[in-house]
Amino acid sequence: MNHLASELDDKHRTNLITPIGEWGKWMNGGGWLKVEGISVDFLYRDMEQVNQVIDDCHSGQITIDYQPGHPHGFVSSIYIGEVAFGLPLHDPNGVLAALKTKTTPYPAKLKQATVNKFAWEISFSLVVAQKAVARGDVAYAAGCCFRSVACMNQVLFALNEAYLLNEKGAVAIANGFALRPADYQQQVESVFALLAADAESISEAIAILDEIERKLSQWYGDRRLEI
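Using my numbering, the letters of the sequence shown correspond one by one to residues 12 to 238.
Structure below.
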């Protein structure tokens with residue numbers, strides 16, 4: 012694998028690829044290449060694990076784990092999305108082709124499981140963010156607001172039966188969905204532009220996200236916890 016990666020890399024660097032398992036149970040390992048001046052992630056996937064996770068998605072089972080590079084976390088349903096979007100360059104035994112047949116239509120149980128797992132936390136993250144107001148703790152508030160938005164994205168992708176692969180660009184993609192609060196991207200971006208180390212800014216940012224959640228809840232009902 013290292014020899015292949017070195018051949019593909021613009022500078023033919025060596026030892027670019029990690030051993031299998033180096034990056035944890037979800038990323039499996041890989042490396043970062045430059046191919047024709049473009050940064051390319053070279054990632055391993057355990058096909059037995061991918062197949063099992065896809066079956067889990069169809070039965071409504073998803074997990075989320077800590078993973079560097081995924082600031083919200085690695086949601087297991089990423090695997091089914093990778094298969095759905097992936098373009099096989101070499102699949103002589105039809106392994107990926109067979110897996111692709113399991114990605115359409117979007118699994119109904121995955122849709123419900125995603126809403127169930129993340130919808131309640133949208134508002135919960137905003138409740139705990141309120142604890143940062145009096146202290147002007149903008150770092151804590153920003154983390155809570157990000158987590159709330161990340162959960163909104165998970166729910167929006169599920170409601171629109173679209174696979175979410177990564178936090179990067181998710182807000183912009185969600186802004187183009189049929190089911191979404193009006194001006195979703197603009198409002199989310201305004202929240203992070205507002206955040207500063209004072210009570211007023213933090214409170215205003217939380218209020219904007221709270222209103223987005225109220226609009227979003229029309230598609231899944233009231234999931235707010237009584238605290």
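Just so it is clear, CB atoms sit at the ideal spot from N, CA and C, and this is done for glycine as well.
Since the model is a prediction, treat every value here as computed from it, not as a measurement.
Could you give the distance in angstroms between the alpha-carbon of residue i and the alpha-carbon of residue j?
i	j	result
valine 138	glycine 40	37 Å
arginine 235	leucine 190	20 Å
serine 214	tryptophan 131	20 Å
leucine 98	glycine 48	21 Å
aspartate 102	valine 94	13 Å
glutamine 141	alanine 208	13 Å
glutamate 222	leucine 205	15 Å
alanine 108	asparagine 62	12 Å
alanine 210	glycine 147	5 Å
leucine 175	isoleucine 91	9 Å
leucine 220	asparagine 26	45 Å
phenylalanine 188	glutamate 237	30 Å
alanine 150	serine 87	28 Å
leucine 100	asparagine 171	29 Å
lysine 120	serine 50	35 Å
phenylalanine 203	threonine 112	40 Å
aspartate 233	lysine 226	11 Å
serine 228	glutamine 78	28 Å
methionine 38	asparagine 186	28 Å
Could you please give the first and the last residue of the uninterrupted alpha helix (DSSP H) stretch that includes residue i?
i	result
histidine 14	13 to 19
glutamine 63	58 to 69
glutamine 78	Looking at the DSSP string, glutamine 78 is not in any alpha helix (DSSP H); the run it does join, the beta strand (DSSP E), is 75 to 78.
phenylalanine 85	No alpha helix (DSSP H) contains phenylalanine 85, which is instead part of the beta strand (DSSP E) from 81 to 86.
asparagine 164	149 to 170
phenylalanine 96	89 to 96
lysine 36	35 to 38
isoleucine 184	181 to 185
Using 10 angstroms around the beta-carbon of residue i, count the other beta-carbons present and answer buried if the total reaches 16, otherwise exposed.
i	result
aspartate 194	exposed
valine 126	buried
alanine 143	buried
alanine 145	exposed
isoleucine 217	buried
alanine 152	buried
aspartate 67	buried
phenylalanine 85	buried
glycine 42	buried
methionine 58	exposed
Look at residue i and residue j and say whether their C-beta atoms are less than 7 Å apart.
i	j	result
leucine 44	leucine 19	yes
valine 166	phenylalanine 135	no
glutamate 178	proline 82	yes
isoleucine 73	alanine 124	yes
asparagine 13	isoleucine 31	no
glutamine 196	alanine 183	yes
isoleucine 133	cysteine 156	no
valine 160	valine 106	no
histidine 69	proline 118	yes
How far does the beta strand (DSSP E) with residue i in it extend, from its first residue to its last?
i	result
phenylalanine 53	49 to 54
tryptophan 43	41 to 46
With 7 Å set as the bound, which would you pick, yes or no: does the beta-carbon of residue i sit closer than that to a beta-carbon of chain D?
i	result
asparagine 13	Within the model displayed, chain D is absent; a lone protein chain is all it includes.
Subject >> In chain order, each alpha helix (DSSP H) run of at least 4 residues that lies wholly inside the stretch 194 to 224 >> reply: Complete alpha helix (DSSP H) runs here, min 4: 195 to 205.
Subject >> Runs of alpha helix (DSSP H) wholly within the stretch 105 to 129 (minimum 4 residues, chain order) >> reply: Within the stretch 105 to 129, the complete alpha helix (DSSP H) segments at least 4 residues long are 106 to 111, listed from N- to C-terminus.
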